[in-house]
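Counting from 102, one number per residue, gives the positions in the sequence shown under this note's numbering. Report on the structure given below.
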Amino acid sequence: MERKVQRERSSMQRQLRRLQQQLKSERRRRQQLQAQMQQVRDGQSQQQHLPWHYLLWHQQQQLLRQQQQQQQYLLQQQAHLPQRPLHQPQPPPLLQHDQEKRQRLMQQQEQHVMPVEEGTRQHTQRKRRREEQGELQPREEEQHRPRQHGNQHPGHLVEDEWLEPELPIAQAPQPSTSQQALQHSTAGAAARRSTSEDRSTQVTPFQVAIQLIPVLSSAPVVSISAAAAGDDAPVGPPVGAVTSNAGVALVLAAAEPKFAAPVTTGKAVKLKPRTVSGLQNHGSGKSNGTAAAGTAAAGSAIAASGSTSASTTPTDDSDSVPDDIREHPFVHLPQRLASTTTETVLVDLRRAVTACPGRLDLIPLLQEARDVLSRRFLCLEMQKKLAHLAGALIEHAMNHQHQDLSKVRTTRALVRLALRFLLMDVVVSAFIVLDQTPDGDFWKRFTDTVSHSPPLGPSQGSGEGRNTFALCLARELSKAIVTLKTGVRPKPEDLMRIKHMLFCSPSSPSRFRRPDFDGWRQDSCERIDEQ
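Next up, the structure:
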């Protein structure tokens with residue numbers, strides 16, 4: 102019996118060893134197959150990327166050859182320029198067009214200069230002959246002639262008919278002079294032809310200024326006055342190049358002094374970043390709906406482009422606000438940096454209003470939003486972060502800030518109202534900074550959900566002075582939330598007072614004296630630094 106059991110055990114052990122060997126061989130076979138498949142995939146990927154690498158190398162070689170040809174041509178030109186050979190070397194195809202253009206310009210200049218020199222020489226000869234023959238009038242009669250403008254040449258009054266069609270006039274006479282009636286109409290036509298040819302072949306500072314118009318939209322607040330340009334300012338840019346706002350005039354004035362014509366008449370005009378209709382910063386001035394009278398006629402020539410355009414509106418309210426209040430971190434809003442991409446950053450209000458259940462951690466969201474809004478400028482990544490934080494705050498408000506606080510104890514209601522005020526201030530500031538107009542239905546749904554009802558009376562069992570302070574602050578917060586629901590931030594003085602009472606007063610709620618709100622207390626003592 103024992104032998105039988107031993108034989109069975111030995112047979113089972115042999116079978117087990119055989120199975121283990123089979124498993125090892127099967128494992129090795131699978132590893133070999135996987136290695137072969139990986140090699141096949143690598144070969145396919147290399148074959149797919151090979152044409153692209155070859156194409157890039159081929160393009161680089163072409164660029165190198167073109168650069169070498171250009172350098173050789175320039176060296177040949179410098180070597181043979183003093184000798185002026187009859188047969189010039191054939192330029193490369195890339196520079197042939199530029200050379201032909203320069204030759205045409207030189208021919209045009211020679212055609213314009215040669216007739217003028219020849220006509221002037223013949224005119225002096227005829228004048229000398231008439232003087233010898235006594236045909237000229239005495240010098241006293243010349244003194245009775247009307248005095249010419251300082252920048253006009255006397256040759257315009259005594260011109261021959263054969264010189265008029267080809268004589269280019271560099272400057273048109275002033276309308277106030279009496280010499281305009283003495284000039285022939287063909288001379289004006291020739292002047293228009295010559296000036297149009299010159300403009301077609303040159304890049305003027307006005308064209309550069311037109312290309313710089315979108316960059317001005319992100320500039321800080323500046324002001325210009327109509328009296329800055331004197332009475333002797335020349336005529337502005339040609340017809341068809343009028344500007345639509347005062348910002349274009351600033352660019353033109355920087356490009357060339359002759360374009361610094363007055364934009365408006367009367368009061369100074371100030372530029373500010375365009376705010377959304379219905380979402381404006383109360384401290385930065387209210388829009389009057391129309392620009393100044395001088396810029397209204399030119400508004401149809403160049404339209405404002407994109408969301409970074411600037412609007413020209415008088416800001417009477419901002420003049421009365423001191424700079425230390427307007428630039429305080431409690432009031433200041435950052436500006437967006439111009440981006441090279443066409444990507445638009447917006448708050449997804451539809452998703453935020455319909456999201457459920459929303460985030461519960463409100464304090465970390467407010468801290469991150471404060472860090473973003475305390476910057477001077479926002480890049481594209483910071484704009485995306487601000488839009489994300491605004492959406493998260495709206496989600497939290499829709500799900501956790503709808504309770505009516507009119508019957509809640511004053512101290513507890515004060516904390517809830519303060520958090521709602523900070524939340525609404527961040528959301529409205531985000532819409533203003535991102536230049537976004539929210540959908541009316543979703544915005545109404547959001548604002549109707551957030552309750553702003555203040556507590557009815559002081560709480561029981563507390564000191565009278567602290568109760569009075571808490572009740573007054575709760576009512577101030579309720580009024581500020583009502584203002585924020587309209588899409589407008591409260592006045593800078595109100596924002597300063599409310600936030601100072603929340604974070605910096607000895608009677609501030611104990612919740613806001615915690616280290617979580619140390620960042621706001623630092624803002625009350627520090628100016629905005631460049632970041």
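Here a beta-carbon is modelled for each residue, glycine too, at the ideal position from N, C-alpha and C.
Distances from the CA of Thr512 to each of Gln208, Phe570, Gln537, Gln179 were compared; the closest alpha carbon is that of Phe570. Residue environment analysis places Met483 among the buried positions, since at least 16 neighbouring C-beta atoms fall within 10 angstroms of its C-beta. Pairing Ala470 with Leu518 gives a Cβ-Cβ distance that is not under 7 Å. Closest by C-alpha distance to Asp536, out of Gln436, Arg115, Arg230, is Gln436. Scanning Leu175, Thr455, Val534 for the CA closest to the CA of Asp542 turns up Thr455. Proximity of the segment 583–590 to the segment 518–530 meets the contact definition, three or more beta-carbon pairs being nearer than 8 Å. Beta-carbon to beta-carbon, Val534 and Leu479 are separated by about 7 Å, close enough to satisfy the 8 Å threshold. Check the Cα spacing between His553 and each of Asp425, Leu447, Gln140, Gln502: the tightest is with Gln502.
The alpha carbon of Asp472 has as its nearest neighbour, out of Lys486, Lys600, Glu428, Gln223, the alpha carbon of Lys486. Residue pairing for Phe478: DSSP places it in a beta bridge opposite Gln436. The DSSP-derived three-state label of Arg227 is helix. Within the DSSP bridge table, the entry for Val534 names no partner. Only residues of its own chain outside the window of five on either side were considered, and among them Leu466, Ala493, Glu496, His497 have a CB closer than 8 Å to the CB of Arg460, listed in chain order.
Counting along the chain, Val454 sits inside the alpha helix (DSSP H) bounded by residues 450–455. For Phe431, there is no enclosing alpha helix (DSSP H), as DSSP gives it neither H nor E. Taking a C-beta distance under 7 Å as the contact criterion, Pro593 and Val422 qualify as a contact pair.
A residue is called buried when at least 16 other Cβ atoms come within 10 angstroms of its Cβ; Arg128 does not meet this threshold and is exposed. Just measuring C-alpha positions, the residue of Asn500, Leu120, Thr442 sitting nearest Pro458 is Asn500.
For Gln623, the enclosing alpha helix (DSSP H) has its first and last residue at 619–624. The beta-carbon separation of Ser611 and Met602, rounded to 14 Å, does not stay under the 8 Å limit for a contact. Here Asp617 is actually not in contact with Pro430; their C-beta atoms are around 17 Å apart, not less than 8 Å. Within the model, the alpha-carbon separation for Ser507 versus Asp595 is close to 23 Å.
In this structure, Phe522 lies near Ile582, with their beta-carbon atoms less than 7 Å apart.
Linking Pro539 to Val446 through their CA atoms gives a straight-line distance of about 13 Å. Here DSSP, grouped into helix, strand and coil, assigns Lys485 to helix.
Residue burial annotation: Ser112 is exposed, with fewer than 16 other C-beta atoms found within 10 angstroms of its C-beta. In the three-state reduction of the DSSP assignment, Glu444 falls in the coil class. In the structure shown, the three-state DSSP call for Arg521 is helix. By alpha-carbon distance to Asp549, the top candidate from Pro591, Gln504, Leu572, Gln145 is Gln504.
Counted as a single uninterrupted DSSP element, the alpha helix (DSSP H) harbouring Gly541 occupies residues 541–550. For Ile599 against Leu572, the beta-carbon gap comes to about 14 Å, at or over 8 Å, which does not count as contact. The residue among Gln468, Leu481, Ile426, Asp425 with its C-alpha nearest the C-alpha of Leu438 is Leu481.
In this structure, Val551 and Met525 form a Cβ contact; the two beta carbons are roughly 7 Å apart against a cut-off of 8 Å.
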